[in-house]
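Encoded as structure tokens, the structure appears first; notes follow it.
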Amino acid sequence: MDRPPAHSASGDLIRLALDLPLARFRLRVRLDLPARATAVMGPSGCGKTSLLEAIAGLRPRARGRIVVGDDVLLDTDAGIRLRPEARRVGYVPQDAGLFPHLTALENVCFGARGGRRRVEAALEALEIGPLRSRHPVSLSGGEKQRVALARALASNPRLLLLDEPLAALDVELRERILPYLLRIRDEWNVLLLYVTHNLGETLTLAGDLIVMRDGAVEAHGPPLELLGAPEISRASAGGLENLFRGRVVSHDAAGGITDVALSGGLHLSIPFAGTLDVGATVTIAVRAEEVLIATAPAPHLSARNVFPVRVLSVLPATGDAIVRCESRDGGHVWLARLTQSAVDALALAPGSAVWLAVKSHSVRLA
Amino acid sequence: MVAEDFQLVAFTLRIAALSTLLLLGPGIAAALVLARYRGPGKGALETVLSLPLVLPPTAVGILLLEALGRRAVVGRWLAARGIEIVFTWKAVLLATMVMSFPLFVRSARTALEEIDPRLVGIARTLGCSPARAFLRVTLPLAWRGLLAGAVLAFSRALGEFGATVMVAGNIPGRTQTLALAIFSYNQTGHDERALRLVAVTVVLAFAALWSAEWIVRRRTRRAAI
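Listed in order, the protein sequences are those of chains H and V.
Sequential numbering from 15 applies to the first sequence in my numbering.
Sequential numbering from 3 applies to the second sequence in my numbering.
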């Protein structure tokens, strides 16, 4: 979950000094972004989309400097303003923005730079083969996003701007697209700037996080360091959640529980869900506030899910603390939100061997 | 039909077709401005472009006459170069263009407004110059509305009367169109010839509307496959 994305060896990859008047406020961003993938969070209307559009060159009133790698895209003082078509910046809006009059394949080929091989590679990476001849109107939300990502990749950008690429999708689809984004980040040598409301996505993808408010940068740093900051809980839609994929193993109607096995082998009891077929794949969510920590196995506890973990780190979070734990079933990372006094009482520290306890009713099907 | 009538139909069709073709470029440009431009002067531009729709055509004709007369700048400029417009076929063309222009612009503007402007922006990030983005995204998405506008403009040009009669007169064999001829025949008691021309205009109008409909259907079916 928190594999750190590679940082560049030679200093900052993206330098921004932007000034753009908007309807309600001014967008003012002065940032050096060192990570290969950067998440942008913030309440709706805080200027996130405007920031992306300014970088893409679609806001003629933007002033200041934008440097990506060694390339100056904008420097109004020096009279440099690259046209959008010269910036090699890919842009994928929230609704994918596919050209409705073209097929999936024609969309991908639309701005292809780098020839047939790159197009084929993009089609393959996002598994678009079977969709080639379909028009956007007949594609599902997730398929549209994949085509839009492939279209952007085929144009051989050095920077990819993603505006809530997963927000329009339900959780299950989101988990299906996320691996594609990881693949793009790690295998395509493309920088990512990524708007999201979802903390889980940020932790998975980004090495750097910007939190914006009313056009200004409110917080900036590695996501794990900002995890507990109040700006983040405001900016993230669902609070802090643990999301896992699992498979339905069995039902116990009399006991009122359904048994779900996570990919690593850990079994969780969830409230009885008899409508699910045994063997069905499900996504489960547990809020970090609802995860209990015990320093000894707790046989006398009502919680049905108690399992051993190791504490990875304890992060301060304005009065609270967020404890990151790794389960023994193959590296699922769990987040638990505790009060600072609970952390002190249990003397939690990195390396502590503890037990997590989760009530069945705290597990939600996402 | 007599030979004169054939000549009338041919002349009218030629004028209407030429008028429609010539206003496509400026019409699309004006529609783009109205659809995308947000700023001062837009309201004034909108009003000026719609004037021919709301003014009596004869009033438009008189304004054109004034503009082309010796007292006006345009008229003097043309006269100095020996270009005569008033009471020639060029005046017919000018009158039909002015009268059809707002119809085309209205239809084209609606079609262009329906296109998500972000699609054009995305086309730019994918390497298109503004002109290429227009050709590859805007035009293919708006063509239905543009065609509908062109059909409207063509039909209006076929039937234009008021402005034409003011600037071009009603000279048989030179500036007389179907609409003018129908009026003349009726005034001079040739009701049968007038009715025959009315029948011709009905056929032409149907043909214009149906061929547009046919193109739309054929293109739509092909796109749906």
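Quick reminder that beta carbons are idealized off the backbone N, C-alpha and C, glycines included.
Note that the structure is a prediction, hence the values are computed from the model and not measured.
Between the Cα of V:V167 and the Cα atoms of V:D7, V:L25, V:L154 and V:L182, which residue gives the shortest distance? V:L182
Would you check if the region 365-372 of chain H and the region 302-322 of chain H touch, i.e. whether three or more CB-CB distances between them fall below 8 Å? yes
Can you confirm whether V:R221, when its beta carbon is compared against all beta carbons of chain B, has any partner nearer than 8 Å? Going by chain labels, chain B is absent from the structure shown, which instead holds the protein chains H and V.
In angstroms with no decimal places, state the Cα-to-Cα distance between H:I224 and H:A356. 30 Å
Using beta-carbon positions only, say whether H:A51 and H:Y194 come within less than 8 Å of one another. no
Residues near H:L140 by beta carbon distance below 6 Å, same chain, minus five either side: For H:L140, where only same-chain residues beyond five positions count, the Cβ hits under 6 Å are R160, L163, A164 and Y194.
Give me the Cα-Cα distance between H:L30 and H:R197, rounded to the nearest whole angstrom. 26 Å
Min CB distance V:L53 to chain H below 8 Å: False, the Cβ-Cβ gap to chain H never drops below 8 Å.
For V:E86, which of helix, strand or coil comes out of DSSP? Reduced to three states, the DSSP call for V:E86 is coil.
For H:P74, which three-state DSSP category applies? coil
Close-in-space but distant-in-sequence residues of the same chain around V:T14 (CB under 7 Å, 5 per side omitted): L160, T179 and L180
Counting beta carbon pairs with one atom in the region 228-238 of chain H and one in the region 254-268 of chain H, are three or more of them shorter than 8 Å? no
Cα-Cα separation, H:S366 to H:V347: 15 Å
With 8 Å as the limit, tell me which residues of the region 90-124 of chain V have their beta carbon closer than that to any beta carbon of chain H; keep them in chain order. D118, R120, L121, G123 and I124
Going by C-alpha to C-alpha distance, which of V:V122, V:I117, V:L96 and V:R221 sits closest to H:G125? V:V122
With H:G104 as the anchor, note down where its beta strand (DSSP E) starts and where it stops. V103 to V106
What runs of the beta strand (DSSP E), each 3 residues or longer, lie entirely inside the region 156-204 of chain H? 173-177
I'd like to know whether the C-beta of H:E99 is nearer than 8 Å to at least one C-beta of chain V. yes
Considering Cα atoms alone, identify which of V:L154, V:L148 and V:L137 is closest to V:A18. It is V:L154.
Just to confirm, is the Cβ distance from H:P179 to H:V106 under 8 Å? Contact flag set, yes.
Is H:Y208 helix, strand or coil by DSSP? strand
From the beta carbon of H:Y105, is the nearest beta carbon of chain V less than 8 Å away? yes
Would V:T14 pass as an interface residue toward chain H - the criterion being a Cβ-Cβ separation below 8 Å? Answer no: the Cβ-Cβ gap between V:T14 and chain H never drops below 8 Å.
Straight-line CA distance for H:I89 to H:R199? Residue 89 of chain H is actually Asp in this sequence, not Ile. Each residue's alpha carbon lies about 27 Å from the other.
Please determine, among H:V296, H:D266 and H:L167, the residue with the shortest C-alpha to C-alpha distance to H:S277. For H:S277, the nearest C-alpha among the options comes from H:V296.
C-beta contact flag for V:I30 and V:A110 at 8 Å: yes
Mind listing the chain H neighbours of V:V139? Cutoff is C-beta to C-beta under 7 Å, in chain order. Per Cβ cutoff of 7 Å: F113.
List in chain order: all unbroken beta strand (DSSP E) runs of 3+ residues lying wholly within the region 316-365 of chain H. 319-331, 334-341 and 347-353
Report yes or no: is there a C-beta of chain H within less than 8 Å of the C-beta of V:G129? V:G129 counts as touching chain H.
Short check: CB of H:P322 to CB of H:R338, under 8 Å? H:R338 sits away from H:P322, with the two beta carbons spaced by 8 Å or more.
What does the Cβ neighbour count give for V:F208, buried or exposed, with the cut at 16 atoms within 10 Å? Answer is exposed; the Cβ neighbour count stays below 16.
Three-state class that DSSP yields for V:V153 in the structure shown: helix
C-beta neighbour in chain V for H:A220, strict 8 Å: no
In the DSSP assignment, what are the bridge partners of H:W369? H:A308 and H:P322
Indicate the three-state DSSP secondary structure (helix, strand or coil) for H:A275 in the structure shown. Three-state result, H:A275: strand.
With V:T22 and V:T90 assumed to form a contact (beta carbons below 8 Å), what rounded beta-carbon distance in angstroms separates them? The Cβ separation is near 20 Å, so there is no contact.
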